[in-house]
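Here our numbering is used: the first residue of the sequence shown is 1149, the next is one more, and so on.
The structure under discussion appears below in the form of structure tokens.
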Amino acid sequence: MQIAAQQVLYFHYKNGNSFACEADDISFITYDMSPGSVIYDTQVIYFKDNTYQEIALNDVDSVGFNAPAPKLASGGVVLDAGYEDYIIRGDTVSFTMRKDTPAALRPKVGNVVGSTWDNTVFEDGIVARITGVNETTEGYVYTCEKAGIDDLYDEIFYYGYGNIYQQEGSESAPRRAAGGWTLKSGMDLWNKTIDICPPTLTVDDYTVGFASHTSTKGKVKMYIHKPRGGKLFARFNFSADLEASLEASIAGRNNSSKVNPIASFPLGIIATPIPILFFKPELQLNWYFDAVAEMKGSFKASMDYEGEVEVKMENGEWTAKALKNQFDAGVDEFSLSINGWYGIGLEPKIFVSVSGTKTGIGLANRTGVQLTGSLKMDFRDYLADGSLYESVKDSKLTLSLPVKGILSAQVGLFGTNDKAAASLTFVTQNPTLYEGYMLPDFNYMAADDIGGGKYQATATLTPRELLPWEKIQIGFAAFDSDNQLVEKKYVDTYSVSNKPSLISTTFDLTSGQDYTIAPILNIFGHDMRADRSTPVVPGEAVDLGLSVKWSSTNVGAEHIYERGYSYQWGMTIPSHLYDYTTHIVFPVGVTAPSDISGNNAYDPSVSWGEGWAMPTLAQWEELLERCTIEVVGAIPRPDYLYPTVGVKVTGPNGNHIYIPANVGHWTSTARSTSDNNYDAYYVGFRVNGNQVTIEKSVRGASGTYLIRPVCSQ
């Protein structure tokens, strides 16, 4: 059986051991064409073009191959088990070969060497470049520097797993088969696998760490049928799922500590029965100075792609159709924090020396004043919406009076200052005199349409101390659909002596226009948008022939293809504006209605204007029962690079709306309203290929879902 040869090194991993071969070294392929239900679970070499001449991948049962020396880059040498008789010792940066090693087996300076799994001399493996060789009485001593896999091989290799199975056929479909493979990379380079980045890198006093992961899953489904006297029909489905992530971190610490003596006071001598053994206690008065700076940063990004393509040949013509094409990528974390402190104070110390030497035990009590600064920058928030406020609002200064006990011991000689010392420090107390934040903390924002073009803006704040030199004006600003300032109103001042917990004002705006209202603050004469904004962008009311009209978009979405904002059930502010993971929607003792549709306090849809509200469970059930639902995949968005997937909902009168899939939508109806245990109903559309599954269930109010408003007018 002939195989499509590829001039590339391939890598096969089994039972903890690794083997390498080239495509033209494969000796045989076995396969099964018999009918019936047979499942094969075997490992299959993966080729770039995934092609076996005359045999479909789906029919492959097993693969046999020869494993000659790997295909090496110029100057590459593999130290396999055959070298063990000549290698006296070895590690990841050096090795020694016996004097009687044949010259043909001795690497040269500049060669890149790598060990195979069966070479037990190098327990941790080795991929290194030889920088020098020295002939000694023991043998040839090689010194090396670390190198990478790509220095040793012409091609970076992968390993693959395959599950091959066939299913019982029928007269019209005599044979069906499917095949799959998985490629993975991101392993530890020094264990003879692949690492995209070194795990850590140290520069001066700072350590940089990297971690990466890539997972690719592919599947091929094939169906071929040629009836006697008829035309050939073929269908191929290709699907792929790619996940990738990258993490990086930086951490470092610089410190400076000085202890200088002020005075010392002898406290006599303590004698013992042994003449040469006596103790001399002494009171030492010192002053100390500490300066510490710490920096920590982290970056996490991820990507997920799912795609499926169907290719068919029917009546002699080939056609192709994309069944799934989803791409999701984003920065999950991007932050930097800088902490530092200065401390100064006194350190009285009792030191008891032995026989007048520098050897003894000391006990000190360090008391002083410490000023600590903390600057936190969340660049993810800043890049997402330009909110500098969100990035720096938790930065602060702290003034404290640390009290520390220090137990020390030292060993020294007579008449010399040379000594070895060790100490144990324990904090007895660290009272805080003052803690001041850079900015006030807005934790809730709502903008309600109260009719006649008037909008009521309300925000709550968490009272906290600010830095003493700050006096900050706080208020609101209205922006048009182009994000241009329309009007701003400062309604209060936040300072050390005045910490309002709630502010509110009214804007008189033009009816029929779209606006965004956001809290603002003025610090040192500069205006700053104080939080992510709450949009007022009503969707179009679409008549589907039901009891209510349904919006063309979700709350927070500007286009019908967008998901919009996520909300906890009963909250009128999007979950990305506060820490919803710790927020209790309904604290113990707070009672909400069993249905919040149209309620100003709990329904964010009300901000759209008169008649708008969250749909009840009954209204969702009416839509599901009376409308037809079909999958709409790979929808292009005009302002977005990648398409989305959703469902098209067509009403009895022929009108339709588009609803994003694979995510839940809240109803306004609660199932349980007991203290601190609210459950509410939600509806979701789960799409897999061209199939859609309707999900109707309940979830706690602390969960986050989307909202699709309805209109009674």
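Even for Gly, the Cβ is constructed at its ideal location relative to N, Cα and C.
Source: prediction; values computed, not measured.
Cα-Cα separation, residue i to residue j
i     : j     : result
V1862 : A1439 : The question about residue 1862 has no answer, for the chain in this structure spans 1149 to 1861.
S1695 : C1859 : 10 Å
Y1713 : P1616 : 37 Å
L1484 : M1443 : 7 Å
P1496 : T1520 : 24 Å
F1159 : G1584 : Caution is warranted here: a pLDDT of 38 is assigned to F1159, below 50, making its placement in the model unreliable, and the coordinate value is therefore given only provisionally. Going from the Cα of F1159 to the Cα of G1584 covers about 59 Å.
G1464 : T1776 : 34 Å
Y1234 : A1295 : 23 Å
P1218 : V1261 : Low confidence applies here, because P1218 scores a pLDDT of 45, under 50, leaving its location unreliable and the question unanswered by this model.
G1759 : D1452 : 39 Å
V1644 : V1551 : 28 Å
S1522 : L1587 : 13 Å
V1407 : Y1490 : 14 Å
E1454 : P1722 : 28 Å
H1707 : Y1806 : 10 Å
G1802 : K1469 : 26 Å
A1595 : S1405 : 53 Å
D1890 : A1666 : Since the first residue shown for the chain is 1149 and the last is 1861, residue 1890 is missing from the structure and cannot be characterised.
F1833 : V1793 : 10 Å
S1242 : N1578 : 51 Å
E1293 : A1276 : 5 Å
D1691 : F1590 : 39 Å
N1259 : V1289 : 14 Å
T1764 : A1740 : 15 Å
L1300 : R1237 : 21 Å
V1835 : E1456 : 13 Å
V1733 : W1756 : 22 Å
L1494 : F1437 : 9 Å
Y1642 : I1671 : 10 Å
Per DSSP, the bridge partner or partners of residue i
i     : result
P1429 : V1500
C1292 : I1278
Q1767 : Answer is none; Q1767 lacks a bridge partner.
L1494 : W1435, T1515
I1620 : Y1642
F1243 : G1238, Y1290
N1487 : E1442, S1522
R1677 : I1668
W1466 : M1461
L1253 : Beta-bridge pairing links L1253 to no other residue.
V1261 : V1225, A1276
Q1474 : E1454
P1409 : N1434
V1690 : W1698
S1404 : A1439
Burial state of residue i (16 or more Cβ within 10 Å)
i     : result
A1766 : exposed
K1506 : buried
W1466 : exposed
P1686 : buried
R1677 : buried
L1555 : exposed
V1517 : exposed
R1514 : buried
G1327 : At G1327 the pLDDT is 29, less than 50, meaning the model places this residue with poor confidence; the figure from the coordinates comes in the next sentence. It counts as buried.
L1614 : buried
Y1853 : buried
L1633 : exposed
S1742 : exposed
H1804 : buried
D1751 : buried
N1403 : exposed
Y1582 : exposed
T1841 : exposed
H1646 : Per the sequence presented here, residue 1646 reads as Asn, with His not at that position. Flag for N1646 reads exposed.
S1745 : buried
Q1716 : buried
Interface flag, residue i vs chain C, CB-CB below 8 Å
i     : result
E1758 : Among the chains in the structure shown there is no chain C, since it carries only a single protein chain.
With three or more beta-carbon pairs closer than 8 Å as the criterion, would you say the region 1834 to 1849 touches the region 1802 to 1821? yes
Contact between the region 1651 to 1659 and the region 1695 to 1707: three or more CB pairs below 8 Å? no
Quick check on the DSSP output: what are the complete beta strand (DSSP E) runs of length 3 or more inside the region 1787 to 1860, in order along the chain? 1792 to 1798, 1804 to 1808, 1812 to 1822, 1825 to 1836, 1839 to 1848
Using 8 Å as the Cβ pair cut-off and three pairs as the minimum, do the region 1268 to 1284 and the region 1238 to 1258 touch? yes
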